[in-house]
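This report refers to the structure that appears directly beneath it.
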Amino acid sequence: MAGITVDGLVKDFSGKTAVNGVSFEVGEGEFLALVGPSGCGKTTTLRLLVGLEAATSGEIRFGDRVVNDIRPRDRNIGMVFQDYAIFPHLTVFENIGYGLRSRRVPGREIKPRVEEAARTFRIDQLLRRKPRQLSGGQRQRVALARAMVRDASVYLYDEPLSNLDAQLRHQAREDIMTLHREKERPTVYVTHDQSEAMAMGDRIAVMRDGQIQQIGTGAELYERPKSLFVAHFIGTPSINLFDVELRADEDRILAVGEAFSLVLPPRLREAVAGHLGRLVKVGVRPEHLHVPKLAPFEVTADNTLHGLVRVIEPTATGSSVYLSTPDEPGVDFVATFKVRMPASYLDQEVPLAIDLDHLHLFDAETEASLTYGSSHAVS
Ligand SMILES: Nc1ncnc2c1ncn2[C@@H]1O[C@H](COP(=O)(O)OP(=O)(O)OP(=O)(O)O)[C@@H](O)[C@H]1O
Ligand SMILES: [Mg+2]
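See the structure below:
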């Protein structure tokens with residue numbers, strides 16, 4: 077068994093196209109995180125892979141084998157559903173062992189495997205209980221253990237950690253990764269949480285309205301987003317966006333906004349040539365705004381923005397500072413610093429230096445990135 081290939085997958089429900097031409101590959105042993113807002117088609121994509129929905133068109137292959145017409149139970153998939161789907165009338169032990177029993181694994185093999193999976197997810201004290209005697213987080217771990225106990229050729233997870241508290245979530249994440257490294261099976265992991273996707277995925281696919289907008293490593297999506305949507309979805313706090321007009325001024329190109337005027341670096345000249353005189357959106361990640369004294373580049377009026385400090389939030393390693401532009405109170409933005417900003421800066425106007433090496437520009441209408449092709453290579 078090699079990887080998963082999905083080719084032009086479409087799923088129409090009456091009047092609603094939930095999955096609209098999705099193609100991707102998951103390598104053998106690869107962990108693909110699938111992220112996107114509610115209703116974008118993540119669960120439907122997994123249900124197509126597992127065979128609980130029939131594709132309207134498109135092909136799904138596991139290795140060389142087309143599985144579209146293969147029954148779910150013969151696809152040999154370990155899946156954790158969004159709503160856990162554990163059986164209420166079976167005990168925890170029976171739930172975890174269910175897939176093994178239905179595959180006629182001998183009872184003496186089932187017991188140690190169930191007990192080991194239960195230990196991994198710290199539910200070994202609960203094996204005799206029924207699901208109604210468990211908390212939501214415990215039920216979720218039963219579902220994880222049940223998927224893990226099987227020797228499946230593909231693993232699919234649909235937001236499996238959403239009901240766990242922060243600490244258990246972290247533990248379960250590590251357990252999933254440990255088991256993944258042991259089994260080295262192609263895995264698709266759905267989550268709402270882009271930081272979880274960043275932490276776990278070899279690559280991340282960002283989905284919107286039934287389509288995949290971009291697939292790449294976390295660093296690629298973060299540093300070279302193809303669209304405003306991807307730029308905004310990946311990274312926390314989110315990328316700052318400013319409306320500007322692009323103007324040619326002798327041999328320079330200016331990005332003129334309500335509150336600042338930047339001189340674009342020469343490498344972007346070609347990328348924006350077709351947009352001179354037009355409105356575009358400038359994107360600046362919070363960590364690419366610097367206190368001028370600490371900026372790792374030369375600070376001039378051409379790369380400086382002024383902001384009124386509204387809120388200072390301490391973080392573990394520095395501060396997140398929420399600002400608005402002084403003359404344009406509606407324009408809010410955020411900067412993250414590796415130093416603590418003293419509270420005395422509250423309500424003060426401060427200059428901030430923009431790292432133009434990491435500037436993003438987006439077409440205001442199509443929201444496609446203009447800078448994608450001219451971004452620096454991902455380190
Ligand atoms: N059986 C169905 N019949 C009709 N419409 C459906 C059906 N299942 C899903 N949909 C619709 O398809 C779209 C995608 O749903 P899906 O459950 O795949 O989204 P999702 O990305 O998993 O969202 P969430 O993050 O909220 O779980 C939604 O608009 C949903 O209402
Ligand atoms: Mg879902």
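Take 77 as the starting number for the sequence shown in the working numbering and just add one per residue.
From the three backbone atoms N, C-alpha and C, an ideal C-beta is built for every residue, glycine too.
All figures in this text were calculated on a predicted structure; none of them were measured in a lab.
Measuring straight from C-alpha to C-alpha, what distance separates Val331 and Val367?
Inspection of the sequence shows that residue 331 is occupied by Ala rather than by Val. Going by the C-alpha atoms only, they are around 21 angstroms apart.
Between Arg222 and Arg184, what straight-line distance do the alpha-carbon atoms span, to the nearest angstrom?
Straight-line Cα distance between these residues: approximately 17 angstroms.
Given a cut-off of 9 angstroms, decide if Val86 and Gly134 are closer than it, judged by their beta-carbon atoms.
Closer than 9 angstroms, so yes.
Hey, quick one: how far does the alpha helix (DSSP H) through Ala228 stretch, first residue to last?
Neither: Ala228 is in no alpha helix (DSSP H) and is coded neither H nor E.
Between Val98 and Val82, is the Cβ-Cβ spacing less than 9 angstroms?
It is a contact, given that the beta carbons lie within the stated cut-off.
Distance check for Val282 and Thr293, CA to CA, integer angstroms please.
Rounded to whole angstroms, Thr293 to Val282 spans 11 angstroms at the Cα level.
Please confirm whether any heavy atom of ligand 1 lies closer than 8 angstroms to the CB of Ala94.
Under cutoff, so the answer is yes.
In the DSSP assignment, find the alpha helix (DSSP H) that holds Glu346 and state where it starts and stops.
Looking at the DSSP string, the run of the alpha helix (DSSP H) that includes Glu346 is 345-348.
Determine the contact status of Leu125 and Val225, defining contact as a CB-CB distance below 9 angstroms.
No; because the gap between Cβ atoms is not below 9 angstroms, this pair is not in contact.
Can you name, in chain order, every residue of its own chain whose Cβ lies under 6 angstroms from the Cβ of Gly359, other than the five neighbours on each side?
Answer for Gly359: Ala307, Ile315, Leu317, His436, listed in chain order.
So who's on the other strand from Lys357, going by DSSP bridges?
Beta-bridge pairing links Lys357 to Asp319, Phe438.
For Phe305, count neighbouring C-beta atoms within 10 Å of its own C-beta (all shown protein chains included) and say buried if the count is 16 or more, exposed if not.
Its Cβ being crowded by 16 or more others within 10 Å, Phe305 is buried.
What are the start and end residues of the beta strand (DSSP E) that includes Asp285?
Looking at the DSSP string, Asp285 is not in any beta strand (DSSP E), and its letter there is neither H nor E.
Tell me where the beta strand (DSSP E) around Ala429 begins and ends.
Per DSSP, Ala429 belongs to the beta strand (DSSP E) from 425-430.
If you compare alpha carbons, which of Leu108, Ser238, Thr132, Ala248 is closest to Ser90?
Of the listed residues, the one whose Cα sits closest to Ser90 is Thr132.
So, with DSSP's three-state summary, where would you put Thr121?
Helix.
Does the distance from the CB of Lys357 to the CB of Glu443 come in under 9 angstroms?
A contact, by the Cβ cut-off of 9 angstroms.
My assumption, with CB atoms under 8 angstroms, is that Thr167 sits in contact with Arg205. Please give the rounded CB distance.
That belief holds up - the Cβ atoms of Thr167 and Arg205 are roughly 6 angstroms apart, short of 8 angstroms.
Out of curiosity, what's the CA-to-CA distance linking Ser455 and Ala377?
At Ser455 the pLDDT is 47, less than 50, meaning the model places this residue with poor confidence; the figure from the coordinates comes in the next sentence. Roughly 28 angstroms between the two C-alpha positions.
Flag Met283 as yes when its Cβ comes closer than 8 angstroms to any non-hydrogen atom of ligand 1, and as no otherwise.
Met283 Cβ: within cutoff of ligand 1.
Counting only the same chain and skipping the five closest in sequence on each side, list residues whose C-beta sits under 7 angstroms from that of Glu389.
Contacts found: Ser395, Ser396.
Put Phe373 into one of helix, strand or coil per three-state DSSP.
Three-state DSSP puts Phe373 in coil, outside helix and strand.
If you follow the beta strand (DSSP E) that Glu389 is part of, which residue opens it and which one closes it?
Residues 380-390.
Indicate, with yes or no, if ligand 2 has a heavy atom lying under 8 angstroms from the CB of Lys87.
Answer for Lys87: no, Cβ out of range of ligand 2.
Is Gly213 near Arg189, with beta carbons less than 9 angstroms apart?
Against a cut-off of 9 angstroms, the Cβ pair of Arg189 and Gly213 comes out as no contact.
Starting from Ser400, trace the beta strand (DSSP E) in both directions and tell me its first and last residue.
That run of the beta strand (DSSP E) goes 395-401.
Provide the residue span of the alpha helix (DSSP H) that contains Tyr265, from first to last.
From DSSP, Tyr265 is part of no alpha helix (DSSP H) but of the beta strand (DSSP E) over 263-267.
Please give the ranges of any alpha helix (DSSP H) in the region 174-227, keeping only runs that are unbroken, at least 4 residues long and fully inside the region.
Within the region 174-227, the complete alpha helix (DSSP H) runs of at least 4 residues are 183-196, 212-225.
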